[in-house]
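In order, the protein sequences belong to chains A and B. If you're matching positions, the first sequence starts at 1 in this note's numbering and goes up one per residue. If you're matching positions, the second sequence starts at 1001 in this note's numbering and goes up one per residue. Contents: one structure, followed by commentary.
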Amino acid sequence: GAGVSQTPSNKVTEKGKYVELRCDPISGHTALYWYRQSLGQGPEFLIYFQGTGAADDSGLPNDRFFAVRPEGSVSTLKIQRTERGDSAVYLCASSLKGGEQFFGPGTRLTVL
Amino acid sequence: SQKIEQNSEALNIQEGKTATLTCNYTNYSPAYLQWYRQDPGRGPVFLLLIRENEKEKRKERLKVTFDTTLKQSLFHITASQPADSATYLCALPYSSASKIIFGSGTRLSIRP
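Encoded structure:
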């Protein structure tokens, strides 16, 4: 079956611009996670959704970052006024509640 | 604060030998520990979960140990193959069972 998909695979933007990153989880998975990974580091937790609600957003670095999951399936991570330090690979994962996490291939964001 | 440490340097192993990777953690008493594999340009893939009351777990050529006294997990790949070359990440639950934090990973290279 289809795994977790993320679009776009690559995104290049200019400092100060707004970006949206999309995640399509595995069908039926109620939990969805966003992570950020910098080169040579492990994934860093950003936010966790259970259904439509953000159960834990403690990893979001500041209020420029926001994520939604309006229908409990697809999620969008939104970054306002991007900064060069936001450049990283943004990973999405989904799971049945509390179970093994399945990761997507990530979106590589480059802020010039 | 909680901290996870993995071998920071790459590990180079001759094909057929056993590769052993280390994960140490501090300020923490996790209920379980996970190991993931990550290939370049891809998201992590779940390999094994070991619970705090389990000393050892095996899956095919993989073996994981969990010593809660030493606060350490060892990850072994026996009869290593070049296809095992990847980055291996350990991960622990943080504050809730659904939020996990990752170590920085160890890059493993198996030479023919």
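No residue lacks a Cβ here, since even glycine has one placed at the ideal position from N, Cα and C.
Check	Outcome
Closest to LEU1070/B by C-alpha separation, out of TYR1028/B, GLU1015/B, ALA1019/B, THR1020/B, would be which residue?	TYR1028/B
For ASP1084/B, which of helix, strand or coil comes out of DSSP?	helix
Less than 7 Å between C-beta atoms, sequence neighbours within five positions excluded: which residues of the same chain meet that for LYS1055/B?	THR1065, PHE1066
For the segment 74 to 83 of chain A against the segment 1031 to 1046 of chain B, are there 3 or more C-beta pairs whose distance is under 8 Å?	no
Going along the chain, which residues of the segment 1018 to 1049 of chain B sit with their C-beta nearer than 9 Å to a C-beta in chain A?	GLN1034, TYR1036, GLN1038, GLY1041, ARG1042, GLY1043, PRO1044, VAL1045, PHE1046, LEU1049
For VAL12/A, which residues from the same chain have a beta carbon less than 7 Å from its beta carbon, with the 5 sequence-adjacent residues on both sides left out?	THR110, LEU112
Can you confirm whether LEU91/A, when its beta carbon is compared against all beta carbons of chain B, has any partner nearer than 8 Å?	yes
For ILE1013/B, which residues from the same chain have a beta carbon less than 8 Å from its beta carbon, with the 5 sequence-adjacent residues on both sides left out?	ALA1019, SER1080, LEU1108, SER1109, ILE1110, ARG1111
Using a Cβ-Cβ cut-off of 8 Å, state whether ASP56/A counts as contacting chain B.	yes
Suppose you measure from the CA of GLN37/A to the CA of GLN1072/B; what does that come to, to the nearest Å?	24 Å
Determine, using beta carbons only, whether TYR18/A comes closer than 8 Å to chain B.	no
Exposed or buried, which one is LEU1089/B when buried takes at least 16 other CB atoms within 10 Å?	buried
Following the continuous beta strand (DSSP E) through GLU14/A, name the residue where it begins and the one where it ends.	Unbroken run through GLU14/A: none, as it is neither H nor E.
Helix, strand or coil, according to DSSP, for GLY42/A in the structure here?	coil
In the structure shown, what three-state DSSP assignment does ASP24/A receive?	strand
Could you tell me whether any Cβ in chain A is nearer than 8 Å to the Cβ of SER1098/B?	yes
State the Cα-Cα distance for the pair GLY84/A and PRO61/A, rounded to the nearest angstrom.	First, the amino acid is wrong: residue 84/A is Arg here, not Gly. ARG84/A and PRO61/A: Cα-Cα distance of roughly 14 Å.
Under 8 Å, do PRO43/A and PRO1044/B count as touching if we go by C-beta distance?	yes
So which residues of chain A does SER1104/B contact, with C-beta pairs closer than 8 Å?	GLY40, GLN41, GLY42
From TYR1036/B to LEU1048/B, what distance separates their C-alpha atoms?	7 Å
Taking the straight line between their C-alpha atoms, what separation do you get for LEU96/A and PHE102/A?	10 Å
Are any of the Cβ atoms in chain B nearer than 8 Å to that of PHE45/A?	yes
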